[in-house]
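Participant: If you read the protein sequences in the order shown, they are chains A and B.
Here this note's numbering is used: the first sequence runs in plain steps of one and ends on residue 176.
Here this note's numbering is used: the second sequence runs in plain steps of one and ends on residue 176.
2 protein chains.
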Amino acid sequence: MTEPAHFWYADDPSVAEILEAVRRFRRADEDMRRRISAGMRMNVTDMSALQYVIAVEQRGGHAHPGDIAGHLGISTASTTKLLDRLSASGHLTRTTHPTDRRSVVVAATPHAHTELRERLGRMHEAMAAIARAVPPQARGDVSAFLDAMSDHLDSERGVAPLTSA
Amino acid sequence: MTEPAHFWYADDPSVAEILEAVRRFRRADEDMRRRISAGMRMNVTDMSALQYVIAVEQRGGHAHPGDIAGHLGISTASTTKLLDRLSASGHLTRTTHPTDRRSVVVAATPHAHTELRERLGRMHEAMAAIARAVPPQARGDVSAFLDAMSDHLDSERGVAPLTSA
DNA sequence: GCTAGTAGGTAGCCAGGCTAGTATCCAGGC
DNA sequence: GCCTGGATACTAGCCTGGCTACCTACTAGC
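Structural data, given as structure tokens:
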């Protein structure tokens, strides 16, 4: 009863295989996030926020509550609570912006950096290894496929044009 | 501030591209689910459940509350409430199993079938078209890559072995 | 130096999870 | 035939983590 659905518009078995692989990947990713978050005693959103802050810092930038809200798709009010939780747990710190005192700069603590690296570093390496295992001549096709999928999902509003006709 | 992070373990640009494409795809998928669910005035979990029930039916099977709970990774108690919501909204019906009267059979209403087809049919077709656009000789590599990723994510516990050493 | 706009926080509400406990039912041992 | 154990779903009540609405502090433009 947990077997995959085969109701794709798949004429060709190789196409059906790809679509099924996509479906499986989405589930695996979701489950992994749940497990990792649970392992760090936090919810999935908080985990995402933490990753985001660290990613911004890795690029030499500063994360602000408003950015985090936008990135996560939640309100700034909810983000305030989120930051309260992550501050209380010692993963993030809030400091006021040096010049604009309306603004707040969110920074990950060394502890958060360490913990995330310990838990995700190995996984990222493994993912890179899997990417390297793709034959060089097919790599462009793989990225192009994923990019095309992303473009499509981004453009999808979820309503068939028929409905409003 | 919403630019991608480039802290992958990427020696090779083509590898980095793949990993970045994966990251982007995950976000696009998540956002799409939120939009579609919101468009149908339901939460993401309920939407998933509905898709699951319909998928099971497409394969000629019957969905049971317990299966749904397992598929979604939530308790059977929460599933009861979920089924209450989806019954109230006219998307699902509950009937007792003909022979085993402990069991409940969940079925999607024609309305749910129609609505989902309207909203997702076009998207699935477009996804199939994107898969067909992958050069035939690279299709195996694409599915293999995604499968390997899924395998890895499924196996990942999120704790580095160093931690316990 | 007002006033409009912006960033973030506070208060209070509600949806949607959870655990614990309950009712019903099937299957197996006697 | 009739208990008993395990399966299946539901109910009651709690808690987390969202939301809206409103408020404060601050900057910038005139």
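Positions of the beta carbon are idealized from the N, C-alpha and C atoms, including for glycine.
The model shown is predicted, which means the values in this text are computed figures rather than measured ones.
According to DSSP, is A:Thr87 part of a helix, a strand, or is it coil?
Facilitator: Of the three classes helix, strand and coil, the one that applies to A:Thr87 here is helix, per DSSP.
Participant: Per DSSP, B:Asp118 is paired with what?
Facilitator: Note that residue 118 of chain B is Ala in the sequence shown, not Asp. DSSP output for B:Ala118 lists B:Thr104 as bridge partner(s).
Participant: Rounded to whole angstroms, what is the Cα-Cα separation between A:Ala142 and A:Gly151?
Facilitator: Roughly 11 angstroms between the two C-alpha positions.
Participant: Suppose you measure from the CA of B:Glu50 to the CA of A:Ala80; what does that come to, to the nearest Å?
Facilitator: Per the sequence shown, the amino acid found at residue 50 of chain B is Gly instead of Glu. Looking at the two C-alpha atoms, the distance is approximately 21 angstroms.
Participant: Is B:Met12 close to chain A, meaning its C-beta is less than 7 angstroms from at least one C-beta of that chain?
Facilitator: Residue placement at B:Met12 is poorly supported in this model, since its pLDDT is 40, which falls under 50; the coordinates still yield a value, given next. True, the Cβ-Cβ gap to chain A drops below 7 angstroms.
Participant: What is the DSSP secondary structure of B:Ala123, counted as helix, strand or coil?
Facilitator: Helix, per DSSP.
Participant: Which residues in chain B sit within 7 angstroms of A:Pro146, going by Cβ to Cβ distance?
Facilitator: Result: Asp152.
Participant: Going by the DSSP bridge assignment, what does B:Ala155 pair with across the sheet?
Facilitator: Bridge partners of B:Ala155: none, in fact.
Participant: Anything in the region 62-85 of chain A with a Cβ closer than 8 angstroms to a Cβ of chain B? List those residues in chain order, please.
Facilitator: Residues Ala66, Val67, Gln69, Arg70, Gly72, Ala74, His75, Asp78, Gly81, His82 and Gly84.
Participant: Going by C-alpha to C-alpha distance, which of B:Arg113, B:Ala159, B:Met53 and B:Pro147 sits closest to A:Asp23?
Facilitator: Measuring from the Cα of A:Asp23, the nearest candidate turns out to be B:Pro147.
Participant: What are the boundary residues of the alpha helix (DSSP H) that B:Val145 is part of?
Facilitator: Per DSSP, B:Val145 belongs to no alpha helix (DSSP H) and is neither H nor E.
Participant: If you draw a straight line from the C-alpha of B:Asp78 to the C-alpha of A:Val33, how long is it?
Facilitator: If you take the alpha carbons of B:Asp78 and A:Val33, they lie about 22 angstroms apart.
Participant: Pull out every residue of the region 103-120 of chain A whose Cβ sits closer than 9 angstroms to any Cβ of chain B, in chain order.
Facilitator: Result list empty, no residue passes.
Participant: Could you tell me whether the Cβ atoms of B:Leu97 and B:Asp57 are closer together than 7 angstroms?
Facilitator: Yes. Within cutoff.
Participant: Taking all protein chains shown into account, decide if B:Pro172 is buried (16 or more other Cβ within 10 angstroms of its Cβ) or exposed.
Facilitator: Residue placement at B:Pro172 is flagged as unreliable, the pLDDT there being 44, under the threshold of 50; the coordinate-derived value follows with that caveat. Flag for B:Pro172 reads exposed.
Participant: Which residue marks the beginning of the alpha helix (DSSP H) containing A:Met53, and which one marks its end?
Facilitator: Unbroken run through A:Met53: none, as it is neither H nor E.
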